[in-house]
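A.B. asks: Have a look at this one.
Chains as they are written, first to last, in this note's numbering: chain A, 35 to 144; chain B, 15 to 128.
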């Protein structure tokens, strides 16, 4: 079964600073990859998904971007963080209907 | 757009009792449903799933019931334990322009008291 690695687990960044969150997947090839954001006490909001290298779809307009430089690598980035970018970011992997999630990154923008 | 929602945002049960978490969905094209459990500070973990051609599926201490007539999904946890305390999400899988999309509900927080 696949394993999803996300890092860092927690991150505190000042407003206006850049962001790079990395997600790598093991145990599968050519997976669909996803970035979700979860505000405190709220549900999961889909930010980006990718069906292959270099293929990124954005679900909501925002201050973030995503890239998939390798088959099992998915990166979430921002050039300048906003306060509203704070949240719990989850990487997910799915080859079919079911999604498997990473352990998440808690981002606090101050 | 169509969405998945939950009837109760929080649920408190006593240890040993059975828990029932409910979910309503509105996309009639959804054909696959999943329940996830999320413990504090962790990613959601798959619990159990059910396809639309079934109305009941059982796992270890968990049962998912699907009522397509009223578009309702429930998760039953038998003999609830302290380790069951978490937020539970239902998700529906429906066909979209990109293939299949997974839509999550807002979640129900389950608190198990001794």
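Virtual Cβ for every residue (Gly too), placed ideally from N, Cα, C.
Can you grab the Cα-Cα spacing for the pair residue 144/A / residue 43/B, in whole Å?
C.D. replies: As a first step, residue 144/A must be located in the first chain, where it is residue number 110. As a first step, residue 43/B must be located in the second chain, where it is residue number 29. Cα to Cα, the separation comes out at about 42 Å.
A.B. asks: For a test of the three-state rule: what should DSSP assign to residue 117/A, helix, strand or coil?
C.D. replies: Here the question's residue 117/A lines up with position 83 in the first chain. The answer is helix: DSSP assigns residue 117/A an H, G or I state.
A.B. asks: Could you tell me whether the Cβ atoms of residue 71/B and residue 61/B are closer together than 8 Å?
C.D. replies: For the purposes of this step, residue 71/B is identified with residue 57 of the second chain, where counting begins at 1. For the purposes of this step, residue 61/B is identified with residue 47 of the second chain, where counting begins at 1. No, they are not a contact pair.
A.B. asks: With DSSP collapsed to three states, give me the class of residue 69/B.
C.D. replies: Position 55 of the second chain, counted from the first residue, corresponds to residue 69/B. Residue 69/B falls in the coil class under three-state DSSP.
A.B. asks: Does the CB of residue 98/A have a neighbour CB from chain B at under 8 Å?
C.D. replies: As a working mapping, residue 98/A is identified with position 64 in the first chain. Closer than 8 Å: no.
A.B. asks: Are three or more beta carbon pairs between the stretch 26-38 of chain B and the stretch 93-107 of chain B nearer than 8 Å?
C.D. replies: As far as the Cβ criterion goes, the stretch 26-38 of chain B touches the stretch 93-107 of chain B, which means the pair count is three or higher.
A.B. asks: How many angstroms separate the CA atom of residue 36/B from the CA atom of residue 89/B?
C.D. replies: Numbered from its first residue, the second chain carries residue 36/B at position 22. Numbered from its first residue, the second chain carries residue 89/B at position 75. So the two alpha carbons sit approximately 6 Å from each other.
A.B. asks: Could you tell me whether the Cβ of residue 82/B comes closer than 8 Å to any Cβ of chain A?
C.D. replies: If you number the second chain from 1, residue 82/B lands on position 68. Chain A, which has no Cβ nearer than 8 Å to the Cβ of residue 82/B, makes this no.
A.B. asks: Run through the DSSP bridge pairs and tell me what residue 80/B is partnered with.
C.D. replies: Counted from its first residue, the second chain places residue 80/B at position 66. Answer is 87/B, bridged to residue 80/B.
A.B. asks: Taking the alpha carbon of residue 96/A as the point to measure from, which residue in 66/A, 115/A and 140/A has its own alpha carbon closest?
C.D. replies: Stepping through the first chain from its first residue, residue 96/A is reached at position 62. Of the listed residues, the one whose Cα sits closest to residue 96/A is 115/A.
A.B. asks: In the structure shown, what three-state DSSP assignment does residue 103/A receive?
C.D. replies: Here residue 103/A refers to the residue found at position 69 of the first chain. Residue 103/A falls in the strand class under three-state DSSP.
A.B. asks: If we ignore side chains and look at the alpha-carbon of each, how far apart do residue 117/A and residue 124/B end up?
C.D. replies: As a working note, residue 117/A is residue 83 in the first chain. As a working note, residue 124/B is residue 110 in the second chain. Cα-Cα distance, rounded: 30 Å.
A.B. asks: I'd like to know if residue 98/B contacts chain A, where contact means its C-beta is closer than 8 Å to some C-beta of that chain.
C.D. replies: For this step, residue 98/B is matched to residue 84 along the second chain. No, its Cβ sits nowhere closer than 8 Å to a Cβ of chain A.
A.B. asks: Rounded C-beta distance between residue 61/A and residue 35/A? I'm assuming under 8 Å.
C.D. replies: Position 27 of the first chain, counted from the start, is the residue given in the question as residue 61/A. Position 1 of the first chain, counted from the start, is the residue given in the question as residue 35/A. Residue 61/A to residue 35/A, Cβ: 6 Å. Contact.
A.B. asks: In its own chain, which residues sit with a C-beta less than 6 Å from the C-beta of residue 47/A, not counting the 5 before and 5 after it?
C.D. replies: Counting from one through the first chain, the residue named residue 47/A turns up at place 13. Contacts found: 115 and 143.
A.B. asks: Using a Cβ cut-off of 7 Å, pull out every chain B residue sitting near residue 135/A, in sequence order please.
C.D. replies: Working through the first chain from its first residue, we reach residue 135/A at position 101. Ordered by position in chain B, the residues that pass the 7 Å Cβ test against residue 135/A are 57 and 58.
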